[in-house]
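Novice:
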Amino acid sequence: MPPPSIPDYPAVLASRRAELRAQVASRLAGVRALTLEIGCGHGHFLTAYAAAHPELHCLGLDIANDRIARALRKRDRARLTRLDFVHADADDLLAALPEEISLAQVFVLFPDPWPKRRHHKNRLMQPEFLARLAARCSPGAGLYFRTDYRPYFAEARAVVAEHADWRLQPDAAWPFEHVTVFQARADAHESFVAFRRPPRVSASG
Ligand SMILES: C[S@@+](CC[C@H](N)C(=O)[O-])C[C@H]1O[C@@H](n2cnc3c(N)ncnc32)[C@H](O)[C@@H]1O
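Quick note: the sequence shown, position 60, residue 59 per numbering that gives the first Met the number 0, numbers continuous.
(1) Touching or not, the region 156–164 and the region 189–197, by the rule of three or more beta carbon pairs under 8 Å?
(2) Counting C-beta neighbours from all protein chains within 10 Å, is the total for Pro206 16 or more, i.e. buried, or is it exposed?
(3) Around the Cβ of Arg117, are there at least 16 other Cβ atoms within 10 angstroms (buried) or fewer (exposed)?
(4) Could you check how far apart the C-beta atoms of Arg74 and Thr46 are, in whole angstroms? I think they sit under 8 Å.
(5) How is Gln22 classed by DSSP in three states: helix, strand or coil?
(6) Look up Asp83 in the DSSP assignment and give the residues it is bridged to.
(7) Less than 8 Å separating the beta-carbons of His177 and His43?
(8) So what's Gln104 in DSSP terms, helix, strand or just coil?
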């Protein structure tokens, strides 16, 4: 959503994404398959995940710079060379991700719930975003969603269930347990797993 207060927003956005593209291309040089965590906060989950899966390349992103700074310190202490964190918005990252990199797994853990109706438009899990995300995923890629806010869980699950690019998998196991900061504060949470459907082939081939 273009902030009305910024003149020439398209140019600002293009320059921000170009800068991010250069940064990501150099930090992910040689990577083909990536595990992504959107809204990683301080990086607790992804650091534990990367330590348990040292063969995988993992990237966490968050729009809060101080959280990314803490996540990077955590990564350095753990000496995890295939784990990185970047200060970026989810849509910017999808637009800036080098073409040769496909997302193999995507974690969305306790995203901002935006409880007020007039703010629902700010929620991450919307059909358009899910289509842009699917476009960067390999066929069969997993989408792992968890929240403690029941109305958002119901809405996100319904959006994914109806989405042409995703197949909800109610019996799929949660791949890795590690309590996040927001999970620790919550009384309960709910999760779902979905998989990227193979891309549709157009009638003309
Ligand atoms: C409620 S916190 C959850 C943090 C962490 N996943 C956890 O469970 O502790 C949501 C996080 O998502 C980040 N965030 C919100 N919108 C985002 C976006 N468009 N792109 C990337 N991160 C975003 C926020 O800055 C915040 O750190």
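Idealized CB from N, CA, C, for every residue including glycine.
This structure is a prediction, so every number in the text was calculated from the model and none was measured.
Specialist: Checking against the coordinates, here is how it stands:
(1) yes
(2) For residue 206 there is no data in the structure shown, the boundaries of the chain being 0 and 204.
(3) exposed
(4) 6 Å
(5) helix
(6) Leu58
(7) yes
(8) strand
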